[in-house]
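As they're listed, the protein sequences go chains A and B.
Per our numbering, the first sequence starts with residue 983, numbered consecutively.
Per our numbering, the second sequence starts with residue 83, numbered consecutively.
Have a look at the structure below before the remarks.
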Amino acid sequence: MTQPIIELHQVTKRYADNTILSNINLTLESGKFYTLLGPSGCGKTTILRTIAGFTDATTGDILFAGKRINDVPANKRNVNTVFQDYALFPHMTVAENVAFGLTLQKRPKSEIAERVNQALRLVQLADYGDRAISALSGGQQQRIAIARAIVMQPQVLLLDEPLSALDAKLRRQMQYELRDLQQRLGITFLFVTHDQEEALAMSDEIFVMNQGEILQSGSPVDIYDEPINHFVADFIGESNILPGKMIDDFQVAFGGHQFECADAGIPVNEPVEIVIRPEDLTLTDLAHAKLTVTINTQLFRGDYYEIAATDGLGNDWLIHSVNPAEDGDQIGLTFRPQDLHVMRFGEKEAEFDARLETYEGTEDDRFDET
Amino acid sequence: MIALTKRKTWLYFIPYGLWLALFVIAPVALIIYQSFFDLGHHFTLANYSTYFASATYLKMTVNSVWYALLITLFTGLISYPTAYFLHQLKHRQFWLLLVILPTWINILLKAYAFIGIFSQAGLANQFLTFIGIGPQQILFTNASFIFVATYIQIPFMILPIFNALDDLNPAFINASRDLGASNWQTFRRVIFPLTLPGVKAGVQAVFIPSLSLFMLTRLIGGNKVITLGTAIEEHFLTTMNWGMGSTIGVVLIIAMIIVMTLTGDQKPKGGAPR
């Protein structure tokens, strides 16, 4: 494994009695796209600020390429930030903004001009150097903020909800551009957002946070398919979360029936929660049904119907279906064993990973045979 | 209905319109009118030719501008760091209030207080005697005039600078640090340029009134410095040459317009979208 570029060891941040971050551990490898994802006030921006050097950690170490940088001031750190409100200097032109950091380094004029041009070309605003900041649209300001940061050739770029001020269409376009930029430049991106779609679309790895803690980290697919607890399952994507009970390895009971599932290593009869994603539920006739539900309402979402239904025990179900259903109809639902994901109450990420290890090899074999 | 609304909006203009007509337009018009008449109430341009040909008046003008410049400079040198420091404090609105408090007291009262402090047996000389220097002539010197004028003007400079610092988005400071700027570089290249409008407002609030200070020149400066303000007072109250007094008034108004133009808002840098 290569040397991690950024490491946080047991970082805690407190203001008086308020704990903003508690015992944060994270490792960022060079050249990857990381996302800190969580609701507002969960501490994700504070992590960014401790790495940038705008905020001190109360306890714990921040390492850059293996060296402790807690006491290195912000202007001496080889990281740059794209701010949420861009923070472009209004008394300077676009080119002067982008050149700001280089002029501080007293680089030769020709080099500055060359690098500024290159950065502006990279964000597709090559002809905008002479413009006033106030003459730019939100999307253009966003790009200039990125150009101003990457012109410094940082090893790590910190992005603090940089897309939150843009409209939906522009935001999607910028997601592609950011991802593309990160891969072309090969620098590490640490992106902060509360938008789970954005996180899933762009990241190599996501850290899901809540109330000052990292709840789960992993690839977007891992986090989506195997959320560790109710919060993560609910926060990432839409989901049906039901109370249930573990019957045996690969057997779980919920909604009054017993089902085959893909999870094991949980004590028998332990109360658990079961997650089923709405798109994993398939409408079927009553003869093939694993569960029977009554349709309440449905909304046409363009590429699918969002159907709300209730089962015999009063549990609500959310179903994404290509085909419409009739309001008030009784209809059957079916799903595959691997579509169920079982979550234990209070299980930590390390325990979850360890449990997965014990049966992961057998899991794939089981479903290959069936 | 629309006509009614329009008439109502027009009604709101009446107090402002009256104020403008009675206290701005009319006095300025009267001063300009008066400045074209000599002592015998004959129309003349002589007041202006006298003013610009006389070494006394020109020296007085240079004096006024010079002392106003000094007062503004000292006020600025003290006010910017003070405003910057106050702005860092936790209960900054309270500390700011303490700075503003002296402005509620009449300027003449403060001038008389300084006469007491600076006089031969005053507090300042008692202190000088105590540390062994012995009593000095403090009152009726140019230095004491500048000192008291600066003291009186400081709150009017601190306030706009403080407000400009308050309006400054702290993200700009973080961005500057993030791009490698030291504290001093951040101040010089980001904080100061972005709070310059506050400094300009402060200069306007201090420099222009300082041009026509006249009570302080007499009470504290001992009439050693004759400013344009003193000259106007003399012409209107002593020599009764209203025409000449008005001419100096017009010169002062023109000086104010020049200062306003110089310290006015400049166009933002860079071009507009094509």
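C-beta: ideal position from N, C-alpha, C; glycine also.
Query	Result
Distance cut-off 8 angstroms: E1220 of chain A Cβ against heavy atoms of the ligand ATP	The ligand ATP is not part of the structure shown, which contains no ligands of any sort.
Inter-stretch contact (C-beta, 8 angstroms, three-pair minimum) for the stretch 298 to 314 of chain B and the stretch 145 to 154 of chain B	yes
Contact check, A1358 of chain A vs A1056 of chain A, beta carbons under 9 angstroms	What the structure shows of chain A is the stretch from 983 to 1352, and residue 1358 of chain A is not part of that stretch, so it cannot be assessed.
Minimum Cβ-Cβ distance from F254 of chain B to chain A less than 9 angstroms	yes
Proximal residues of chain B, C-beta to C-beta of T1063 of chain A below 8 angstroms	N256, A257 and D260
Per-residue DSSP class, three states only, for K1058 of chain A	helix
Residue from A:L1018, A:V1105, A:L1045 and A:M1134 whose Cα sits closest to the Cα of R1089 of chain A	A:M1134
Within-9 angstroms CB hit, A1056 of chain A to chain B	yes
Any beta strand (DSSP E) of 3 or more consecutive residues that is wholly inside the stretch 1045 to 1092 of chain A	1061 to 1064
Test: S264 of chain B CB closer than 9 angstroms to a CB of chain A	yes
Residues that A1069 of chain A contacts on chain B, provided the C-beta gap is smaller than 8 angstroms	N251, A253, F254, N256 and A257
is_contact[L1167 of chain A, chain B] using C-beta, thresh 9 angstroms	no
Helix, strand or coil at L104 of chain B [DSSP, three-state]	helix
Integer-rounded CB distance, given that F1082 of chain A should sit under 8 angstroms from F1071 of chain A	7 angstroms
Proximal residues of chain A, C-beta to C-beta of V281 of chain B below 9 angstroms	In chain order: nothing, as chain A lies at least about 13 angstroms away.
Pick from B:T223, B:S226, B:Q170 and B:A165 that is closest to M239 of chain B, judged by C-alpha positions	B:A165
Expected contact under 8 angstroms - CB spacing of I1218 of chain A and V1190 of chain A to nearest Å	7 angstroms
Stretch-stretch touch, CB-based, cutoff 8 angstroms, three pairs: the stretch 1256 to 1274 of chain A with the stretch 1290 to 1302 of chain A	yes
Cutoff 9 angstroms: G1121 of chain A Cβ touching any chain B Cβ	no
Presumed contact (8 angstroms Cβ cut-off) between A1235 of chain A and I1223 of chain A, rounded CB distance	At roughly 15 angstroms, the Cβ-Cβ gap does not stay under 8 angstroms, so A1235 of chain A and I1223 of chain A are not in contact.
Close-in-space but distant-in-sequence residues of the same chain around L293 of chain B (CB under 8 angstroms, 5 per side omitted)	S146, V147, A150, T309, L310, G311, L334, A337 and M338
Nearest to L171 of chain B (by Cα), restricted to the options B:F244, B:S258 and B:F289	B:F244
Contacting residues, own chain, Cβ-Cβ under 8 angstroms from V993 of chain A (five flanking each side not counted)	L1003, N1005, I1006, N1007, I1029, T1032, A1039, T1041, G1042, D1043 and I1044
Cβ-based burial, H1176 of chain A [other Cβ within 10 Å; buried from 16]	buried
Proximal residues of chain A, C-beta to C-beta of Y275 of chain B below 9 angstroms	Here residue 275 of chain B turns out to be Pro, not Tyr, going by the sequence shown. What P275 of chain B touches in chain A: F1071, H1073 and M1074.
Same chain only: Cβ atoms within 6 angstroms of N1052 of chain A, ignoring 5 sequence neighbours per side	I1044
Any C-beta of chain A under 9 angstroms from that of R300 of chain B	no
Cβ pair I988 of chain A, T1017 of chain A closer than 9 angstroms	no
Under the three-state DSSP convention, the category N1251 of chain A falls into	coil
Members of the stretch 1014 to 1048 of chain A near chain B, C-beta cut-off 9 angstroms	R1031, A1034, G1035 and F1036
Stretch-stretch touch, CB-based, cutoff 8 angstroms, three pairs: the stretch 247 to 254 of chain B with the stretch 264 to 278 of chain B	yes
Spatial distance of M342 of chain B from L278 of chain B (CA atoms)	14 angstroms
Bounding residues of the alpha helix (DSSP H) (the contiguous stretch that carries A1290 of chain A)	Unbroken run through A1290 of chain A is the beta strand (DSSP E), Y1287 to D1293; no alpha helix (DSSP H).
contact_flag[the stretch 1142 to 1156 of chain A, the stretch 1100 to 1114 of chain A] where n(CB pairs < 8 angstroms) is 3 or more	no
DSSP three-state assignment for N1211 of chain A, whether helix, strand or coil	coil
Local Cβ density within 10 Å of A1129 of chain A, reported as buried at 16 or more and exposed below that	buried
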